[in-house]
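These notes concern the structure reproduced below.
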Amino acid sequence: MPELLDGRLLYGAAVYPEVVDAETFAADAAHMRHLGMNTARIGEFMWAALEPDRDDVRLDVLHRALQVLDANGLAAILCTPTVTPPVWLTHGHPERLHHNADGTPLGHGSRQHVCTNSPVFRERAALVTEALAAAVGNDSRVVAWQLDNEFKSHVGGCHCAGCAELWAEWLEKRYLEVAILNESWLSAIWSETYQNFVQVPMPGPTPFLHNTSLVNEFRLFSQASINGFAREQAAIIRAHSSIPVTHNSGFGFDLDNPALYSDLDFSSFDTYPAADNYSAFLMNLDYFPRLGKARRTVLMETSPSHGGTVRQYGRPHPHGFVEAEAFANFASGSAGFLFWLFRQHRGGSEQPHGSVVSSWGQPTIGYPSAAAIGELLPRIRPLLEHSRPVQPAVALHYSDHAKGFLATESGEGTDYRSLVSAFHAGLVRAGTSRALLPVEGALAGFRVLFTPFVRHLPDDHRARILDWVHDGGTWVCGPLTGDRTEDHTWHGESALDGLEDAAGVESVFQFPATGSGSCGTILGHDVGLTRMSTFFRVNADSAAVTGAQVLGAVTAGPAEGLAFATERRIGAGRMILLGSFPVSLDAGHSGHEGDTGRAGGHDDGAALAAMVEYACAGTLPAVRTAGDGVVALAGRAAAALAGQHGQRNGRFPAGPAGTHSAGQGRRRTQRFTRGHCWRRRHPWSACHSSACHRSACHSSGRRRPGRGRSGSSGPRRRPGRRPIPGLPSPAAALPDRCHPARRHPHPRPVQLPGSGRNDKGDLPMKWLEQAPRVDTALSFGRPWPQGELAAGDVGRMVLGDADTLHEARPLAFWPDGSIKWTAHAAVVAEGQDAEGLEPRLAPRKPAPRQPEADIPATELLARPAPTASGWTPECSPQPSPTRGAGSPGRCLARTAANSPVACAWWWARRTRRWPSLPRKWRRPGPCAPW
Ligand SMILES: [Zn+2]
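Per numbering that gives the first Met the number 0, the sequence shown starts with residue 0, numbered consecutively.
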């Protein structure tokens with residue numbers, strides 16, 4: 000089977016040849032190439048240009064665009080244009096338009112304004128797609144197809160007359176007999192009993208609430224309908240083309256993504272997270288690669304600086320954030336990274352959206368990031384080619400069906416995506432490499448599984464998960480899991496149906512605990528209990544048989560004396576049943592009357608951190624492996640995404656989620672660092688190996704303040720079985736948590752052997768076996784004598800060979816605040832000598848140069864051709880401003896306005912971008928240094 004996209008890594012942006020003139024389009028294509036881009040996405044809104052009137056199909060705009068792109072080395076992702084049907088299709092035909100829940104049709108305009116179930120729309124969409132597929136279906140200039148764009152991002156289910164007929168057919172197919180529907184939906188309530196399927200309404204306006212079963216079923220109908228359209232379109236393309244087909248989706252749309260991608264070749268997504276919500280970006284990378292036939296994904300849209308429309312202005316990213324996104328994207332296995340969009344739109348409604356160049360062709364604030372990624376990609380390509388992503392040990396279920404259940408039963412304003420995002424953010428903060436897994440996803444290879452907020456858990460999946468638990472998995476089931484039937488009714492026999500039997504407990508109460516004064520203890524901590532909760536009884540007699548035990552007990556409230564969390568060993572694994580949503584009392588969530596207890600804010604992820612810690616004990620994060628035990632990372636990206644510090648120094652900052660070693664990789668690291676291992680790393684703890692356990696940071700995650708060393712002597716053989724001394728503060732991230740100013744008094748400082756001396760002679764870097772035979776990634780630790788290395792200097796560290804791609808971050812501190820351990824991750828070149836990996840401090844940066852030294856990228860590369868726009872490549876050697884008279888110097892050219900700019904040859908030399916320059920620029924110039 001050929002490799003997806005022929006093994007290419009795509010980097011590019013969306014372009015709109017139907018909007019700009021040919022000259023501008025050509026200049027943009029050349030400009031994209033200068034930036035190291037190799038891909039352009041075209042066509043998703045092009046229908047009116049391709050078929051200006053009914054049956055008047057003109058593909059000249061497409062052919063010209065492909066020609067220009069190809070001439071500039073850019074492959075095309077070609078989209079079908081069905082998201083924006085032209086006006087000749089809708090004008091005078093309201094029946095073809097999408098109808099709101101109240102039955103009113105939308106007007107023409109914007110996008111997604113038609114009913115995608117309309118037979119006329121389906122016919123015209125098939126014709127235009129077939130015309131495209133027939134014309135360029137096997138064109139080597141096209142690298143992938145994208146169906147439509149962002150299905151159901153603006154509208155949900157359509158309520159037109161045509162959809163009403165399809166709705167009745169859907170129900171008949173699902174339930175066979177209307178009596179079965181009535182029984183399943185409990186339609187007798189409020190006399191809603193139906194006599195036939197045609198009578199079942201769509202969830203339109205009513206005086207009060209609709210039956211939950213009806214609302215949920217209609218959402219499934221809508222999702223299945225759009226997936227049917229996608230299958231139809233993909234089949235049309237595949238009749239003419241062998242190029243892989245995808246769709247640009249996302250978390251926020253009303254879709255069943257696993258079902259959608261089951262028929263598509265690979266997944267792709269768009270994402271526009273704010274920098275302080277960086278875990279939302281990583282969430283995409285944890286989920287979408289597991290969808291689609293090829294199990295690969297492409298980031299189809301993100302902004303080089305900020306999102307926005309005329310109704311909402313986005314906030315620009317901090318410097319370095321987008322580069323970190325790109326690094327994390329490729330390190331996670333994504334096959335592409337594309338911006339929306341290259342040239343800012345002058346009109347429409349998204350003019351304020353960030354772009355690579357402005358509508359007048361000048362570099363935007365996001366331009367330096369686009370240029371930096373163009374330089375980054377070839378540098379990390381060897382790492383990507385010689386390693387692969389590692390399957391994480393920890394999985395978090397993500398379910399579009401569960402999302403629908405919580406949209407139907409929103410209760411206290413609960414939003415599924417927010418809840419899961421907060422939970423996922425907790426895993427990110429914990430430094431745990433994780434996967435977002437569809438509920439139907441395979442569990443092989445995972446060791447820990449979280450299933451929160453999945454209100455209906457199908458029997459077959461529950462049985463499959465329990466088999467996996469029996470074989471050694473740890474399953475944290477809940478909160479808000481398993482308490483509803485497939486039809487969104489409550490169970491009749493017990494609160495959680497089969498989950499009680501599996502967990503060895505008996506459900507007693509189920510009620511909304513928020514505001515009820517419900518509190519409890521779990522893992523040694525006092526917590527408030529919130530949201531719809533189920534409380535259990537663990538019968539002593541049955542517990543002797545099942546082995547079930549209370550993990551979290553209710554200490555106050557209507558369910559006082561019962562359990563809200565239990566644990567049971569099942570075979571070689573264990574099942575933790577979480578019946579309530581614990582929140583930190585420290586965060587003000589007491590659960591008492593008057594306290595909103597609304598756990599929708601930033602507290603959610605942190606409140607469950609103790610459970611995460613408890614369940615994940617013993618798992619080790621890892622991101623990529625070369626297959627021989629070498630573990631690589633996406634740590635520098637995650638760190639920069641965390642926005643911790645150092646974004647402005649031109650390097651990715653160090654941070655909480657760095658390189659991690661596991662399995663064979665750890666052993667190799669141990670050899671490399673003479674036995675000093677990272678046996679176990681965690682955001683609120685440092686290494687717990689026998690070598691460094693006693694000297695690691697003693698922050699809140701491991702020891703309760705004032706308890707000294709009691710209860711924590713010696714290495715942790717079963718770290719997961721110990722109670723967690725304190726819920727970590729949600730506001731605290733690793734660097735702060737471990738910072739001397741915030742950590743607790745060190746109970747008994749222990750100095751490392753050789754500390755107080757310059758230990759370079761004691762700990763020379765050396766390969767115990769041999770240097771790597773290919774470019775590879777390594778992680779290792781380095782001890783430092785007390786007082787030698789200040790915390791603020793870590794961001795300035797380089798390796799002996801300063802060109803080695805490298806990052807460092809603090810692991811542990813001495814009592815005086817100086818660094819005790821640093822962690823290092825590096826991409827090591829083939830045959831690298833060990834001395835070249837000795838960490839050292841780079842000299843401080845010299846004072847800023849004269850102003851003209853900072854001109855280059857923006858002013859130069861914004862000009863598409865040397866002879867255009869008044870730029871004259873007549874160079875005049877100038878003395879180097881930093882090396883003085885007589886030095887080889889740099890060259891300056893002058894614009895028509897006689898202002899100096901850096902010349903192309905000098906800039907190419909400085910940025911090592913010479914090979915990517917256009918051929919006409921690659922002639923020798925009068926620049927003496929060359
Ligand atoms: Zn419709």
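Don't be surprised by glycine CBs; every beta carbon is placed ideally from N, CA and C.
Counting every other CB atom within 10 Å of its CB across the protein chains shown gives H423 a total of 16 or more, marking it as buried.
The stretch 462–472 makes contact with the stretch 552–572: 3 or more CB pairs, one atom from each, lie closer than 8 Å.
In this structure the stretch 31–48 lies against the stretch 0–16, because at least three pairs of beta carbons, one per stretch, are closer than 8 Å. Secondary structure at A369: helix, using DSSP grouped into helix, strand and coil. Fewer than three beta-carbon pairs drawn from the stretch 414–429 and the stretch 372–388 are found closer than 8 Å, and the two stretches are therefore not classed as touching. When DSSP states are grouped into helix, strand and coil, W766 belongs to the coil group. Taking the Cβ of C476 as the reference point, every heavy atom of ligand 1 lies at 6 Å or farther away. Taking the Cβ of C162 as the reference point, at least one heavy atom of ligand 1 falls within a distance shorter than 6 Å. In terms of Cα proximity to W144, the closest of N247, G72, G412, F120 is N247. The distance from the Cβ of V475 to that of R433 is about 13 Å, inconsistent with a contact at the 8 Å cut-off. By alpha-carbon distance to D486, the top candidate from E164, S183, D69, H90 is S183.
The beta-carbon separation of T450 and H396, rounded to 5 Å, stays under the 8 Å limit for a contact. G155 is a Cβ neighbour of D253, given a cutoff of 7 Å. Taken atom to atom, the span from the alpha-carbon of P93 to that of I188 is near 36 Å. One thing to note: D262 has its Cβ no nearer than 7 Å to the Cβ of P243. Assignment of beta-bridge partners to L577 by DSSP yields A564. The straight-line gap separating the alpha-carbon atoms of A29 and Y366 is approximately 15 Å.
When rounded, the separation of the alpha-carbon atoms in P838 and P381 is 23 Å. Not one heavy atom of ligand 1 sits closer than 6 Å to the Cβ of C78. For W144, the secondary structure class from DSSP, reduced to helix, strand or coil, is strand. Nearest neighbour of E505 by Cα position, chosen from L576, F280, D285, turns out to be L576.
Between the alpha carbons of A234 and G227 lies a distance of about 11 Å. Runs of the beta strand (DSSP E) lying entirely within the stretch 262–299, each at least 3 residues long, are 266–269 in chain order. With fewer than 16 other Cβ atoms from the protein chains shown falling within 10 Å of its own Cβ, P206 counts as exposed. Measuring C-alpha to C-alpha distances from R446 to each of H98, L281, I464, N137 identifies I464 as the nearest.
Relative to G346, the option among A429, V309, H90 whose CA is nearest is V309. Set against 6 Å, the gap from the CB of N99 to the closest heavy atom of ligand 1 is not smaller.
Bridge partners of W820 according to DSSP: P782, A811. Rounded to the nearest angstrom, the gap between the Cα atoms of S224 and A406 is 19 Å.
In the displayed model, W489 falls within coil according to three-state DSSP, outside both helix and strand.
Assignment of I364 by DSSP, reduced to helix, strand and coil, places it in the coil class.
In this chain, the beta strand (DSSP E) harbouring Y10 covers 9–13. For W474, the uninterrupted beta strand (DSSP E) segment begins and ends at 473–476.
For I242, there is no enclosing alpha helix (DSSP H), as DSSP marks it with neither H nor E. Judged by DSSP secondary structure, E324 falls outside any beta strand (DSSP E) and instead within the alpha helix (DSSP H) spanning 320–330.
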